[in-house]
Amino acid sequence: MAKTTKSTKTKKTSAAKKKTAAKKKTSKHLGRGFSLL
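This is the structure we're talking about:
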């Protein structure tokens, strides 16, 4: 049981990290686009 809970926790954290990374990427791209404009 402890193993499964741990795996789900890590999965959740990794997903959240991916989300934040994607947000940073999009914001960076948006900033570049605006600077180009």
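The sequence shown maps to residues 1 to 37 in full-length UniProt numbering.
All C-beta atoms in this analysis are idealised placements derived from N, C-alpha and C, irrespective of residue type, glycine included.
Just so you know, these numbers come straight off a predicted model, no measurement behind them.
Other residues of its chain near residue i: CB distance less than 6 Å, five sequence neighbours each side excluded
i: Ala16; result: none
Inter-residue spacing [alpha-carbon to alpha-carbon] between residue i and residue j
i: Thr26; j: Lys18; result: 12 Å
i: Leu30; j: Thr10; result: 30 Å
i: Lys14; j: Arg32; result: Residue 14 is actually Ser in this sequence, not Lys. Looking at the two C-alpha atoms, the distance is approximately 27 Å.
i: Ala21; j: Lys28; result: 11 Å
i: Lys12; j: Lys24; result: 19 Å
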